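Data block below; observations after.
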Amino acid sequence: MKVDVTTMTVIDAPREAVAAYASDPSNVPEWYSNISSVEWIDEPVVTPGARVAFVAHFLGRRMAYTYTLTDVQPGKLLVMRTAEGPFPMETRYEWTDAPGGGTHMVLTNRGEPSGFSGMAAPLMVKAMKHATKKDLSRLKALMEERHG
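Heads up, the sequence shown is in my numbering, so the first residue is 5 and it goes up one at a time.
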């Protein structure tokens with residue numbers, strides 16, 4: 005079963021500021037509740053090909069994986085992919101100007117779990133939806149506090 009979870013929000017802060025902050029993997033532990041650490045494998049520059057190691061805790065399990073940044077369009081788009089482990093995944097952030105001001109952000113996670121993770125896919129989808137809504141709410145609060 006494929007997993008495809010999309011969550012969106014409107015953040016009352018400039019798109020450039022939201023995108024710059026959210027696209028820097030070093031900031032992820034501050035707004036993603038399930039990510040406990042991030043370590044750059046390559047130079048800490050948000051550019052295609054850069055690799056970043058993440059440690060997450062999800063559904064009671066510790067997960068360590070490495071994302072490769074595959075598409076970087078500053079202020080507009082960031083796509084990261086991992087091919088390792090039981091749950092190869094793509095995470096995509098998109099930012100556009102929101103009607104009336106602020107930033108419309110879309111966060112999409114797609115993947116195709118295998119083995120035990122494949123059997124747990126329906127539970128994973130539900131948990132991912134809950135987690136990404138919470139994460140975007142946290143990002144929204146952080147950005148609005150800084151730019152409000």
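Ideal placement from N, C-alpha and C gives every residue a C-beta, glycine not left out.
Since the model is a prediction, treat every value here as computed from it, not as a measurement.
Q) Can you tell me whether DSSP reads Thr72 as helix, strand or coil? A) For the purposes of this step, residue 72 is taken as residue 68 along the sequence shown, with counting starting at 1. Note: Thr72 maps to strand in three-state DSSP.
Q: Compute the distance between the beta-carbons of Trp99 and Thr107, then report whether it is under 8 Å.
A: Within the sequence shown, numbered from 1, the residue matching residue 99 stands at position 95. Within the sequence shown, numbered from 1, the residue matching residue 107 stands at position 103. Going by C-beta atoms, Trp99 is nearer than 8 Å to Thr107.
Q: Name the residue from Trp35, Asn31, Glu20 whose alpha carbon lies nearest to the alpha carbon of Ala145.
A: Taking the sequence shown and counting its residues from 1, the one referred to as residue 145 is at position 141. Considering only alpha carbons, the answer is Trp35.
Q. Near Asn38, which residues of its chain fall below 7 Å by C-beta distance, leaving aside the five closest residues on each side in sequence?
A. The sequence position of residue 38 within the sequence shown is 34, counting from 1. Around Asn38, the same chain offers Ala60, His61, Phe62, Ala135 as residues with beta carbons nearer than 7 Å, after the five sequence neighbours per side are excluded.
Q) With C-beta atoms as the reference, is Lys6 less than 8 Å away from Glu94? A) As a first step, residue 6 must be located in the sequence shown, where it is residue number 2. As a first step, residue 94 must be located in the sequence shown, where it is residue number 90. In this structure, Glu94 does not lie closer than 8 Å to Lys6 by Cβ.
Q.
Only counting the same chain, and skipping five residues up and downstream in sequence, which positions put a Cβ closer than 8 Å to that of Glu149?
A. Working through the sequence shown from its first residue, we reach residue 149 at position 145. So no residue of the chain qualifies.
Q) Anyone know if the C-beta pair for Pro29 and Val56 falls short of 8 Å? A) Mapped onto the sequence shown, residue 29 falls at position 25. Mapped onto the sequence shown, residue 56 falls at position 52. Yes.
Q. Is the distance from the Cβ of Ile45 to the Cβ of Thr70 below 8 Å?
A. Walking along the sequence shown from the start, residue 45 turns up at place 41. Walking along the sequence shown from the start, residue 70 turns up at place 66. Between Ile45 and Thr70, the C-beta spacing is below 8 Å.
Q: Report yes if the CB atom of Ser40 is closer than 8 Å to the CB atom of Pro33, and no otherwise.
A: By one-based count along the sequence shown, residue 40 stands at place 36. By one-based count along the sequence shown, residue 33 stands at place 29. Yes, they are a contact pair.
Q) In terms of residues, what are the limits of the beta strand (DSSP E) holding Val59? A) As a working mapping, residue 59 is identified with position 55 in the sequence shown. From DSSP, the beta strand (DSSP E) with Val59 extends over 55 to 62.
Q. Looking only at C-alpha atoms, which of Phe58, Leu127, Met67 sits nearest to Met84?
A. For the purposes of this step, residue 84 is taken as residue 80 along the sequence shown, with counting starting at 1. Closest in alpha carbon position to Met84, among Phe58, Leu127, Met67, is Phe58.
Q) At which residues does the beta strand (DSSP E) containing Val7 begin and terminate? A) Here residue 7 refers to the residue found at position 3 when the sequence shown is read from its first residue. Val7 -> beta strand (DSSP E) spans 7 to 15.
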